[in-house]
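Enquirer:
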Amino acid sequence: MLKQTEGSKAVAEAISLCRPEVICAYPISPQTHIVEALGEMVKAGRLTPCEFINVESEFAAMSVAIGASAAGARAYTATASQGLLFMAEAVYNASGLGLPIVMTVANRAIGAPINIWNDHSDSLSQRDSGWMQLFAETNQEAVDLHIQAFRLAEELSMPIMVCMDGFILTHAFERVDIPSQQQVDAYLPPFEPRQVLDPAEPVSIGAMVGPEAFMEVRYLAHAKQMQAIERIPQLAAEFKQAFGRDSGGLIRTYCTEDAETIIIAMGSVLGTIKDTVDEMRLEGHKIGVLGIISYRPFPLAQVRAALINSKRFLVLEKSLAVGMGGIVATDVRMAVTGTGLKGFTAIAGLGGRPITKASLHKLFREAEGEALPPVTFLDLDWEAVNKQLERERQTRRSGPVAENILHDKGIVSAKFG
Amino acid sequence: MGFQPVKFYQTGTFTVGNRLLAPMDRSVQAGQTRSNSINSGHRACQGCGEALGARYAIDAAMAESNNQLIAVNATGCLEVFSTPYPESSWQVPWIHSLFGNAPAVATGVAAAMKVKGKTDVRVVAQGGDGSTTDIGFGCLSGMFERNDDVLYICYDNEAYMNTGVQRSSATPPAARTATTMPVGPEPGNVFGQGKNLPEIAMAHGIPYVATATVADLRDLEYKVRKAMKMHGARYIHLFVPCPLGWGTASSDTILMARLAKESGMFPVFEAEHGEVTGVLKIRRQVPVEEYMKPQKRFAHLFGTHARPDMVARIQAIADRNIRKYGLLEDEGN
Amino acid sequence: MSKPFAITLKPGTSLANLTGTWRTERPVYINRLPPCNNACPAGENIQGWLFHAESGDYEQAWRVLVQDNPLPAVMGRVCYHPCEGACNRGQLDESVGINSVERFLGDEAIKQGWKFDAPATSTGKKVLVVGAGPSGLSAAYHLARKGHRVEIQEAGPLAGGMMRFGIPKYRLPREVLDAEVARILDLGVRLTLNTKVANIEQSMKQGGFDAAFLAVGAHIAKRAFIPAGDAAHIVDAVSVLRSMEGEDKPMLGRRVVVYGGGNTAIDVARTAKRLGATEAIIVYRRTREKMPAHDFEVEEALQEGVMIKWLSTIKQAEEGSLTVEKMVLDDKGVPQPTGEFETMEADSLVLALGQDVDLSLLEGVAGLEISNGTVQVSPDMMTGFPGIFAGGDMVPSERTVTVAVGHGKKAARNIDAWLRGATYQPVAKHEIATFDKLNPWYYSDADKTVRPMLDMIRRQTSFDEVQGGLDETNALFEARRCLSCGNCFECDNCYGVCPDNAVIKLGPGKGFQFNYDYCKGCGLCVAECPCGAIKMVPEET
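Residue numbers (the numbering used here), protein chains in the order written: chain A, 1 to 417; chain B, 1001 to 1333; chain C, 2001 to 2541.
Structure below.
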């Protein structure tokens, strides 16, 4: 059923259709609307049977989900940013225990400085947590990915984060096709846990494992994600059959057949990139787009195959490995090892900095001309940065960076300065 | 009304069993078919109070729940000594997640049971004093506040024993731990204002809060069974001496628990909805010295550089407990 | 369901880890000798019979009791219960009223008509027992139960010896004594009354006896030289008490003076009071602290109005009066004359100065050693003449009914062995379960039950029994005050307190067993065993 609705509401509808049995809710922007909507559904009796639990922290949210999942319930929660970090220990634990929890991450920057706007720092900080991470490009895809995520997570007994850009998607009103309950029920069978806490058949879950078996346990987690590489396209294909649309999968290419330059990105920015590429195509540029949906497991072979016929690529990512550069870019470079492809990295949109078509046009052209440094910081205010660097060279107590920059830019607190 | 001891059948209800009692009045632990929730072969130290307390408590919970029990365990000695791969001592469905999240995990399990309509399956969460009073305190408070259907049992041995005897917020004043060494003008742990978890639990107004020790099995079983008859958040704070951490003989574990109670250092009581409803009276009052002297963690307060002033301050704590909870039998009774 | 590797484990699999290897010491179940048992002259297994009484199985309790002592109803009245003096509970509150429970069991047995177990198959051996006092009856009983044919030859007209002719009725009603004697005779023991054995060797030969046990007691009153006028009325306590059993009660008058400080002096003074004496005065040369009579008997006598003149000796007796000299104790506690005299009015003087043994039956028997008026016996109770054993008051020892009963049992065991050409090997005694071996915390607080006493008027005017018995409820209560020192009473503490579940409970009556596969040797079971029935022993290297 088509609906003009907010992304968060659409996702909440999708979650509800997946019949979660335990939902843990803790407010943090920009995820909050999702659990609010779910809470209302549960309270109204529209989502039943379901336990909606207002927990006291994200750490508790994930922990409650762990308990529920281990006891055989389909468990869901959502978080973002600081919240994801606050639950980090439990995030690793959920995957370590092999519990198929599905969690929405409404991607948001991590402070300090505190910032509520979108980038991918939060999810990517949990890159090695053992969770699978699927990135939605649109609200429709966010809806669809959640349905697929439950299926995949439960098949493999591994948790999945469905990542959607905070505000850009979560708070955007768009037309979304919400599937019917029958459709979802047909696609997503009831949760049949691989292990369950059951008095009839006691098990001890969460043993202490020493050097004699720890590596094997880690490898088995890796092996599961490798299995997911196989299953994700199959599940997407099944999904298409059942729901009639392309959604999910490992990667999605756009105009790459003859592309010499391929722009690689994750999430909603792919929309702006595609628009820019469309415009450039009209001007005859041989440029294409590679969207990565499955960040973990990372589809090395598929990425390599998508890039192999191009000449160069630019990874545009909303994340920064401080002291190194790109995070996604590192993985992409790994995928093209030995191909001789020229690769560039652009760090963009951190903390919600708008990524404009104008900037992209300029950036992509420079990429085509291979006129970029290895790492580019898109739309960085060099003047402000340099001023601060200069201040720091001169004065030991040079003051707070962010405030200084705002002051330099003449924004907000300038009038108090 | 607290635990009602059988006044006189030779040993009444002081001993684990009593052949003179009617079978229905006997303890769970006396039964040949007790569940032995923690099986032999666990790797707890000799004379471990926690291993004993956990079996006492969980067996009672098993008995009361007709073996329909799921146990959640925080990281700590109990978890480590019971489940090192490839062997588990647990005979109940059991999960260990993290150090600080056992109450929340238990909430999740309880929620799962509720949503699945398995109302007969009950949930117990357990952790040491470190996980309960410190790192897991937030989750515990949350679980209490939501009144989730979980019985949480804290096995209090008054320090982080698993990591090598470091101070926790349950460590008593003046006690030696690896992080409160008996040196300087104020040796051992600080005289803080303490962190009375049972009272904090009571402040949540949850249906049931109780303290107990491994020295009073029947009282403990009564409390676990009573707690298991209730729903909502329930808290039992079980005092379990640690021979390793306290520097006591492995054979003195129960004696230490008994002296803690008899000296007033550890008040044994129960409370419903935030109000104290029963107190286990002191039977043979002893000065705190009698409790402290056998423990190496207090050795610096006695002997050549004795600190009677610090012992007196600890006695004052015991005296306050005695007054506050009315631990002595009324005069003339 | 294929569980996740390593992080999920099967339940209870720690059994593969045998923690018993950690142990340097191991607990072992032991039996220690309860102090009561150790103190009992009759060798009763007191803790053993109390164990059954605790659960209300009085018949079983009685059966365990009579394995050692066939006279519980008598014992429960006349025994001075050294067991209670030794009882560990005395260090806790008050000793267990063992004697009162014993009496309850004895009385219950009479009431219910419980009989002894039939004797073992006959050995064909015949044993002569001389004297039907406590020692003789005890020996006869034990010998009969071992399958020997026993005949008791008794000089007197009735069985019981000093139990009948020395102990007043108000302490031991005769129907009680008769019932217990009858039960022994029911075992097939032959009792021949009014038959004084004049020559033991002859009697044995005549009757074809293979062995003999002599227990003739000590019935001859000791005399002291007291200058006395012809009209002075001086009698001895043995005669007075003996004549109480006959038709003619002794004539003692209104003012009776008893000379002596033993239990017999008390008995005769109290008897005199009951016979109508307005004054019954005991004259004793030392102080109350030094008096050999048991303090509770002194106390009861004083309650009944018996008077005692301390630190006095009788120097002269005339008709109606006595001359008494005051004494003082020297620094060694020996009374010394002071030269101060006084006169007491007295219608009669009863001498209670101890008794001697009539050893005439032993005249001419080879190898016997007589010393201080008693027959010397070896530790196996045999006299110097092979096959002749002796016990009770006629051998050197404390002269109490209980000691006599003990002699009878001990002699019977040795006679039995001797008859089989063997030597009786007593079972080695366990170490004593002293109070420090116990963990008294576990015992409920329970004060001793007070036995009812007859009202004072009847105590002073009748021979009704002074001390009452316990009823079922308080006998049960009293039995349950037993700490079961040194012997497992199945409190389940070891089973409960083991942090390693290394104690196996075998079930009611079967006790426990250690599972050394898992026992880490922490010693908690030992520390928390209330009764000291477990101990730690070093592991062998």
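Backbone N, C-alpha and C define an ideal beta-carbon position, used for all residues, glycine too.
For Gly2020/C, which three-state DSSP category applies?
Expert: Note: Gly2020/C maps to helix in three-state DSSP.
Enquirer: Contact check, Lys1007/B vs Ser2444/C under 8 Å by CB: the rounded distance?
Expert: 7 Å
Enquirer: Taking only beta-carbon atoms, is Leu2015/C less than 8 Å away from chain A?
Expert: no
Enquirer: With distances taken Cα to Cα, identify the nearest neighbour of Gly72/A among Met41/A, Asn54/A, Val22/A and Ser121/A.
Expert: Val22/A
Enquirer: Do three or more CB pairs link the region 1087-1106 of chain B to the region 1133-1145 of chain B at distances below 8 Å?
Expert: yes
Enquirer: For Asp1330/B, is the classification buried or exposed, using 16 other Cβ atoms within 10 angstroms of its Cβ as the cut-off for buried?
Expert: exposed
Enquirer: Going along chain C in order, which residues have a C-beta closer than 7 Å to the C-beta of Leu1052/B?
Expert: Val2497 and Pro2499
Enquirer: Residues of chain A with a CB under 9 Å from the CB of Thr2019/C: which are they?
Expert: Those do not exist, as Thr2019/C stays about 17 Å from chain A at its closest Cβ, beyond 9 Å.
Enquirer: For the beta strand (DSSP E) holding Gly2507/C, just list the boundary residues, first then last.
Expert: Val2503 to Gly2507
Enquirer: Out of curiosity, what's the CA-to-CA distance linking Gly2136/C and Met2382/C?
Expert: 14 Å
Enquirer: Go to Lys2290/C, then tell me how far its alpha helix (DSSP H) extends in each direction, as first and last residue.
Expert: Counting along the chain, Lys2290/C falls outside any alpha helix (DSSP H), and DSSP gives it neither H nor E.
Enquirer: Excluding sequence positions up to five away, which residues of its chain have a Cβ less than 8 Å from the Cβ of Ala221/A?
Expert: Ser95, Gly96, Gly98, Gly130 and Met158, listed in sequence order.
Enquirer: Going along chain A, which residues have a C-beta under 7 Å from Ser1040/B?
Expert: Those within 7 Å of Ser1040/B in chain A number zero; the least Cβ separation is about 15 Å.
Enquirer: Going by beta-carbon coordinates alone, are Ser424/A and Tyr26/A separated by less than 8 Å?
Expert: With chain A represented from 1 up to 417, any question about residue 424/A goes unanswered, as that position is not in the structure.
Enquirer: So what's Asp122/A in DSSP terms, helix, strand or just coil?
Expert: helix
Enquirer: With a threshold of 8 Å between beta-carbons, can Glu1064/B be considered close to chain C, or not?
Expert: no
Enquirer: By alpha-carbon positions, which one of Asn1039/B, Phe1266/B, Gly1017/B and Val1209/B ends up nearest to Tyr1291/B?
Expert: Phe1266/B
Enquirer: Do Val1190/B and Ala1271/B have their CB atoms nearer than 8 Å?
Expert: no
Enquirer: List, in order along the chain, the chain A residues whose C-beta lies closer than 8 Å to that of Tyr1085/B?
Expert: Ala207, Met208, Val209, Gly210, Glu212 and Ala213
Enquirer: Could you check how far apart the C-beta atoms of Val2306/C and Ala2280/C are, in whole angstroms? I think they sit under 8 Å.
Expert: 5 Å
Enquirer: Taking only beta-carbon atoms, is Phe416/A less than 8 Å away from chain B?
Expert: No answer about Phe416/A holds up, because its pLDDT of 49 lies below 50 and its placement is not dependable.
Enquirer: Are any of the Cβ atoms in chain A nearer than 8 Å to that of Ala2527/C?
Expert: no
Enquirer: Over the uninterrupted beta strand (DSSP E) stretch that includes Asn54/A, give me the two end residues.
Expert: Glu51 to Asn54
Enquirer: Give the residues from the region 1085-1106 of chain B that approach chain A closer than 9 Å (Cβ to any Cβ), ordered along the chain.
Expert: Tyr1085, Pro1086, Glu1087, Ser1088, Ser1089, Trp1090, Gln1091, Val1092, Pro1093, Trp1094, Ile1095, His1096, Ser1097, Leu1098, Phe1099, Gly1100, Asn1101, Ala1102, Pro1103, Ala1104, Val1105 and Ala1106
Enquirer: With a threshold of 6 Å on Cβ separation, who are the neighbours of Gly1332/B within its own chain once the five nearest residues in sequence on each side are excluded?
Expert: A caution first: Gly1332/B carries a pLDDT of 42, below 50, which makes its placement in the model too unreliable to give a value.
Enquirer: Give me whichever residues DSSP pairs with Pro2538/C in a beta bridge.
Expert: Glu2025/C
Enquirer: Beta-carbon separation of Asp198/A and Pro1093/B under 8 Å?
Expert: yes
Enquirer: Where do the ends of the beta strand (DSSP E) carrying Cys163/A lie?
Expert: Ile160 to Asp165
Enquirer: Taking only beta-carbon atoms, is Asp2492/C less than 8 Å away from chain B?
Expert: yes
Enquirer: Use the C-beta contact count for Leu282/A: other C-beta atoms within 10 angstroms, 16 or more gives buried, fewer gives exposed.
Expert: exposed
Enquirer: Phe2341/C by DSSP, collapsed to three states: which one?
Expert: strand
Enquirer: Quick one: is Phe173/A buried, meaning 16 or more other Cβ sit within 10 Å of its Cβ, or exposed?
Expert: exposed
Enquirer: Is Asn93/A helix, strand or coil by DSSP?
Expert: helix
Enquirer: To the nearest angstrom, how far is it from the Cα of Glu392/A to the Cα of His120/A?
Expert: Answer to the nearest angstrom: the Cα atoms are 29 Å apart.
Enquirer: Note the first and the last residue of the continuous beta strand (DSSP E) segment covering Ala348/A.
Expert: In the DSSP assignment, Ala348/A falls outside any beta strand (DSSP E) and carries neither an H nor an E.
Enquirer: Assuming contact is defined by CB atoms lying nearer than 8 Å, are Phe150/A and Ile293/A in contact in what I supplied?
Expert: Cβ atoms of Phe150/A and Ile293/A: not closer than 8 Å.
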